[in-house]
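My numbering puts the first residue of the sequence shown at -6, with every later residue one more than the last.
All C-beta atoms, glycine included, are put in the ideal place defined by N, C-alpha and C.
One structure is given below, encoded as structure tokens.
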Amino acid sequence: EHHVEAREVIAVKTHEPCEWAGSHGSALVLVRHPLRAALGMASLHLTRESHSTEAPDEELRKAFTKSLTEMIALWKWHVKSWTECPGSHLIIRFEDIVADTYGVYVRQILPFFDIDTSNKAMLQRLRSAIDYSNSNRLTRRAHTYEFHFTDEDRSKAQRVAGDVMEQNGYGPIYTA
């Protein structure tokens, strides 16, 4: 934080679309299934707080259904802004990081940034960081219910963004 010289900046986290004029940087792009992304946006809009605040189930379903087409279209536009952005970029699905954090880092993310994955000390630090993060329950959301996507939700996502979903590994049979 607080670094303004380009040579001092290692990474910048953003939820903004890619608007680079040139190809001077690299981007690690995390994508999430569009239904899960839309659910997060609807929840944040309802609670107007952090992602950890739970919206009431019925209110969330109503808000989600009302804005789903618009949110899926926004997801599609946003993902395309990054996948079509000039420069070097690596697209990683959020769900893949959750399923195999260590493996995704060692096989994809670290090599993308030219980090030597044969360095045992670095791999141990990575393992420690992952273990610490996984043990920190303060970063986890405790919801009292599970939101269920309907067949209509899935169909709408396919109609609006099926091409971009497929390009990112979210085929028609992928469940959110």
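{"query": "May I have a chain-ordered list of the beta strand (DSSP E) segments no shorter than 3 residues that lie completely inside the segment 59 to 99?", "result": "81 to 86"}
{"query": "In this structure, how does DSSP classify residue 111 when only helix, strand and coil are distinguished?", "result": "coil"}
{"query": "In its own chain, which residues sit with a C-beta less than 7 Å from the C-beta of residue 146, not counting the 5 before and 5 after it?", "result": "28, 61"}
{"query": "Where does residue 25 land, buried or exposed, given buried means 16+ other C-beta within 10 angstroms?", "result": "buried"}
{"query": "Spell out a yes or no on whether the segment 96 to 105 and the segment 34 to 42 are touching, meaning 3 or more CB-CB pairs, one atom from each, closer than 8 Å.", "result": "no"}
{"query": "Can you tell me which residues form a DSSP beta bridge with residue 20?", "result": "82"}
{"query": "Between the beta-carbon of residue 85 and the beta-carbon of residue 22, is there less than 8 Å?", "result": "yes"}
{"query": "What did DSSP end up calling residue 163 once you bin it into helix, strand or coil?", "result": "coil"}
{"query": "Kindly indicate the opening and closing residues of the alpha helix (DSSP H) around residue 27.", "result": "27 to 40"}
{"query": "Going by beta carbon distance, what residues of the same chain come within less than 7 Å of residue 118, once the five residues before and after it are set aside?", "result": "none"}
{"query": "On the criterion of 16 or more Cβ atoms from any shown chain inside 10 Å, does residue 55 qualify as buried, or is it exposed?", "result": "exposed"}
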